[in-house]
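Under this note's numbering, think of the first position of the sequence shown as 2, with each following residue one higher.
C-beta atoms are modelled at their ideal positions from N, C-alpha and C, and glycine is treated no differently.
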Amino acid sequence: MKINSHTGKLLNQVDQSSQADKKTLNRLGKKETKGQNPLSGSVKVDLSKEVSAYQKAREIASKDDIDYKKVNRLQKLIDEGKYNVDAREIADRLVDEHLKMNS
């Protein structure tokens with residue numbers, strides 16, 4: 002990981018957030034001693050888009066849903082020089098996917 006001033010600022014923000022979380026938990030713990038349990042039930046947590054995307058990427062990366070038959074078949078075709086790529090079709094699909102993502 003490249004360390005620069007931006008990274009330092011992010012680390013400071015994380016540290017400050019952690020300290021705020023500790024203060025909140027301490028405050029909640031004091032309320033609990035009064036007969037209330039603020040941690041029971043459901044807790045709503047809002048994550049940033051970046052964190053959600055990161056979690057989804059990790060989930061996808063951890064899946065092992067590879068079609069080995071298809072991989073082996075395509076590898077054999079490539080090795081034999083029989084696998085032909087239609088560049089126009091690939092370009093069309095890329096454009097279609099790009100337009101679909103931006104709409």
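Going along the chain, which residues of its own chain have a beta-carbon closer than 8 Å to the beta-carbon of L48, five neighbours each way excluded? For the purposes of this step, residue 48 is taken as residue 47 along the sequence shown, with counting starting at 1. Excluding the 5 residues flanking it on each side, L48 has same chain C-beta neighbours closer than 8 Å at Q56, in chain order.
Report the CB separation of Y84 from L75 in whole angstroms; it is logged as a contact under 8 Å. Translated into the one-based positions of the sequence shown, residue 84 becomes position 83. Translated into the one-based positions of the sequence shown, residue 75 becomes position 74. The beta carbons of Y84 and L75 sit about 7 Å from each other, so the pair counts as a contact at 8 Å.
With a threshold of 8 Å on Cβ separation, who are the neighbours of K70 within its own chain once the five nearest residues in sequence on each side are excluded? As a first step, residue 70 is located in the sequence shown; it is residue number 69 there, counting from the start. Correct list: empty, nothing qualifies.
Work out the CA separation of A54 and E98 for me, nearest whole Å. Residue mapping note: residue 98 aligns to position 97 of the sequence shown, counting from 1. Residue mapping note: residue 54 aligns to position 53 of the sequence shown, counting from 1. Taking the CA atoms as reference points, E98 sits about 19 Å from A54.
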